[in-house]
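Report on the structure given below.
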Amino acid sequence: MTTTGEAGPVLTPAQQQVADRVITALAGPDARLRPDQQTAVAALASPGSRALVVQATGWGKSAVYWAATAVIRAAGGGPTLIVSPLLSLMRDQVSAAGRGGLRAATLNSSNVDEWTSIEQDLAAGHLDVLLVSPERLANPGFGRRVLDALAGNLGLVVIDEAHAISDWGHDFRPDYRRVAQVLQQLNPQTSVLATTATANERVTEDIAGQLGAATLVLRGPLARKSLHLNVIDGLSPIERYGWVAEQLPALPGSGIVYVLTVADADRLVTAIKALHGDDYPVAAYTGQLPADDRHRLEDDLLANRVKALVATSALGMGFDKPDLGFVVHVGAPPSPVSYYQQVGRAGRALDEAVVVLLASAMDESVWEYFATATIPDAQRMERLLDALAETDGPATVPQLEARTGLRRTRVELMVKQLAVDGAVDRVPDGWVRTGAPWTYDAEHYDGVLAVRRREADIMRAYIGGRACLMKLLTQALDDPLAQDCGRCSVCLAALTPGLAATVPASLLHTVSAALRRQAQVLEPRKMWPGGVFGTRGRIPPGLLAEPGRVLAFAEAPQWSDTLAAARSGDAQAREELLQAAVAVLADWGRAGIRPDLIVGLDLGTGLATDLAAQLRAVGRRSGYDYPVPAGPGPGREVNGPTEAAYWRDRLGPPPAEAADHPGASVLLVIDQTSSTWPVALAAAALQEAGAGPVLPLLIHQTV
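Read in order, the letters of the sequence shown correspond to residues 1 to 703 in UniProt numbering.
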């Protein structure tokens with residue numbers, strides 16, 4: 001592994017001319033590659049070279065691979081394959097390549113109807129650049145059609161956001177990790193470039209080791225002089241929403257407000273609009289949005305048509321808006337490295353940009369989840385391998401879910417991890433064992449977990465203001481030039497002028513009231529799960545629950561303190577729940593829905609039976625409780641069929657009163673569930689006993 005500081009390769013005059021032509025087309029007539037960029041391009045122009053660029057966001061890593069592509073193509077080399085993590089990045093990169101005079105295309109889930117023509121153009125040599133996702137790269141069909149045909153002809157392979165190929169990195173992704181296996185299949189004359197802004201020494205060494213011993217590593221200083229970093233700690237969940245709603249208009253330009261969940265994104269937008277009106281230019285951006293909607297919102301932010309996008313991490317890697325004025329985090333990411341990456345979206349072409357972290361003690365539970373989420377469990381891995389061994393031929397993920405009792409999302413992650421280790425392989429019809437042994441590398445994974453927990457300690461130091469904030473972030477990336485920035489809220493012992501540390505109580509009341517009016521629709525389950533449950537297929541219309549309502553979804557900030565108090569028996573908190581439920585019923589009443597009976601289904605907190613009794617009194621309705629025997633719960637790791645079977649057996653038949661009111665519509669009050677299987681099963685049982693339509697009112701849907 002060679003590094004900057006040693007004599008590097010240089011471009012020939014002819015290569016320099018080609019590179020300059022691309023850069024001026026991209027960045028203007030006076031633009032030129034800097035010396036370190038030229039070194040990278042010159043290295044890649046040599047067939048079979050390997051380079052790793054670790055540089056700050058905004059340094060110009062993409063300029064390296066566009067210039068290198070042009071130089072390689074001018075010399076008669078093959079096209080460039082770029083492995084990119086996000087659709088938004090691919091779209092921007094295709095546009096940038098076109099401006100640089102390169103012909104580029106992408107194959108991803110949003111343009112399936114174009115795949116055939118793109119693959120034909122690629123085979124005919126009409127494309128200079130193909131961008132794909134790591135998931136596409138791991139697809140066996142894509143491998144047969146495209147990679148096998150290109151493997152001997154590629155001029156350059158680019159692995160963007162390369163920290164994701166290292167399980168020491170903050171964003172380990174098994175599909176990305178398999179990129180290293182693809183590299184082994186390349187023509188030895190194909191050059192490879194890996195780029196990232198977020199790799200410490202350990203990750204850098206791991207990536208370089210995967211690329212090869214002769215990898216040239218170009219690493220530069222990572223501090224961003226334009227960023228004014230601030231931390232505000234100690235706000236409650238609802239106060240954090242209130243802070244964003246109040247401060248947003250005063251923040252410079254347009255920017256991004258990062259949240260941890262999709263539900264947070266939707267709720268925070270509601271809170272902002274409650275204060276500033278429905279026309280205020282702010283929108284939620286999450287991975288659940290259709291690709292066209294995400295593209296439209298990205299364009300709106302790029303054109304400053306919105307003040308902010310309230311986004312999950314789906315808006316991150318690859319999004320390039322040089323004049324982004326601010327980044328706010330409602331909740332701290334688990335790693336200083338991932339935090340550095342996200343705040344690096346701001347101030348690329350500005351002298352001043354504002355960064356604010358609204359921290360909370362609740363964030364630590366999220367950190368622990370992310371620390372352990374991708375660590376394999378040896379017993380579960382063996383269970384999955386046994387299921388594959390007992391299968392005659394390939395097994396699909398749904399089949400493995402049914403045979404192992406593990407959740408589908410867990411199975412999907414596990415087979416990808418096993419594929420990285422060579423124990424299984426993906427074929428067109430599913431997954432198969434390769435015959436290679438698999439052992440749990442306890443020492444390795446203990447080390448990974450220890451690193452992630454040390455990163456959590458750094459975030460605690462960051463939130464606690466124990467040192468300069470920029471210095472803490474760049475030290476976490478092993479930047480040898482890390483030093484005090486003189487601009488952050490620690491160095492100045494004050495927040496950036498104009499930022500407030502508290503939120504008026506009157507504003508919080510406005511925000512809370514708006515959020516509590518937003519009862520979420522509870523869509524009914526429509527299919528029985530099969531598997532160990534035994535029954536599969538559509539739930540018959542006469543047993544199906546009606547669309548219901550959810551008072552509090554996930555960690556709803558407008559309800560978190562109230563729910564905790566209500567569960568402990570606080571009368572005021574229970575009165576607030578009652579008033580919210582009455583408002584929901586009034587809304588249903590305006591739609592012509594008026595239940596005849598109110599039934600309480602309590603799964604362990606005591607809230608459902610109490611609220612059902614109060615609603616009967618207020619609404620002058622009769623009803624009864626659906627008794628549930630005490631039990632420990634099914635556990636978080638069981639799959640849908642197993643959990644459904646658990647609740648079917650535990651709930652049993654409804655009480656005898658259910659048969660006393662044939663055809664009567666029922667408001668079913670449930671205290672808490674994540675899967676909603678108790679709702680579906682109780683609704684079916686009540687209707688089997690003679691009840692009419694069942695309308696669920698769920699107090700708290702957990703995740």
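C-beta atoms are modelled at their ideal positions from N, C-alpha and C, and glycine is treated no differently.
Close CB contacts of Ala97 within its chain, under the 6 Å cut and outside five residues either way in sequence, are with Ala104, Val129 (chain order).
Contact between the stretch 458 to 478 and the stretch 430 to 449 is absent, with fewer than three C-beta pairs closer than 8 Å. A straight line joining the alpha-carbon of Gly606 with that of Leu651 spans about 16 Å. In this structure, the beta-carbon distance from Arg240 to Leu358 falls below 7 Å.
Around the beta carbon of Leu481, fewer than 16 other beta carbons lie within 10 angstroms, which makes this residue exposed. Per the DSSP secondary-structure output, Trp528 pairs in a beta bridge with Gly537. For Pro641, the enclosing alpha helix (DSSP H) begins and ends at 640 to 651. Secondary structure note for Arg380: its alpha helix (DSSP H) is the uninterrupted segment 378 to 389. Listed in chain order, the non-local C-beta contacts of Gly152 below 7 Å within the same chain comprise Asn187, local neighbours out to five positions each way being set aside.
Judged by their CB atoms, Ala608 and Asp561 are not nearer to each other than the 7 Å cut-off. Trp243 sits in a helix when the DSSP states are folded into three classes. Ranked by how close their Cα comes to the Cα of Asp587, the residues Ala556, Ala571, Arg549 have Arg549 in first place.
Rounded to the nearest angstrom, the gap between the Cα atoms of Asp625 and Thr396 is 42 Å. Judged by their CB atoms, Val354 and His276 are not nearer to each other than the 7 Å cut-off. In the DSSP assignment, Tyr445 falls within the unbroken alpha helix (DSSP H) covering 442 to 463. Counting only residues of its own chain and dropping the five nearest sequence neighbours on each side, Gly48 has a CB closer than 6 Å to the CB of Pro188, Gln189. Collapsing the DSSP output to three states places Ser506 in a helix. In the same chain as Glu412, and ignoring 5 residues on each side of it, the C-beta atoms closer than 7 Å to its own belong to Val397, in chain order.
Less than 7 Å separates the beta-carbon of Ala378 from that of Tyr440. Closest in C-alpha terms to Ala75, from the list Pro85, His295, Val83, Ala42, comes Ala42. The three-state secondary structure of Trp438, taken from DSSP, is coil. Within the same chain, and ignoring the five residues on either side of Pro336 in sequence, the residues whose Cβ sits closer than 7 Å to its Cβ are Glu455, Ile458, Met459, Tyr462, Leu472, Leu473, Ala476.
Beyond the five residues adjoining it in sequence on each side, Ala644 comes within less than 6 Å, by CB distance, of Pro529, Phe533, Trp677 in the same chain, given in chain order. Between Ala314 and Tyr258, the C-beta spacing is not below 7 Å. Beta-bridge pairing by DSSP links Ser622 to Leu597.
Beyond the five residues adjoining it in sequence on each side, Ala250 comes within less than 6 Å, by CB distance, of Gly498 in the same chain, given in chain order. Closest option to Gly125, judged by alpha-carbon separation, among Ala138, Val112, Val146, Leu137: Val146. Using a Cβ-Cβ distance cut-off of 8 Å, the stretch 60 to 71 and the stretch 132 to 151 are not in contact, since fewer than three pairs of beta carbons, one from each stretch, lie closer than that value. If you look at Thr404, you'll find it in the alpha helix (DSSP H) that goes 397 to 404. Per the C-alpha coordinates, the member of Val182, Leu183, Gln184, Arg202 positioned closest to Ser166 is Arg202. Shown here, Asp36 sits in a helix according to DSSP, grouped into three states. For Val490, the secondary structure class from DSSP, reduced to helix, strand or coil, is coil. For the options Ala450, Asp386, Leu449, the alpha carbon positioned closest to that of Gly435 is the one of Asp386. Boundaries of the alpha helix (DSSP H) harbouring Tyr339: 336 to 343, taken from the DSSP string. A distance of 7 Å or more separates the beta carbons of Leu578 and Ala566. Boundaries of the beta strand (DSSP E) harbouring Asp425: 424 to 427, taken from the DSSP string.
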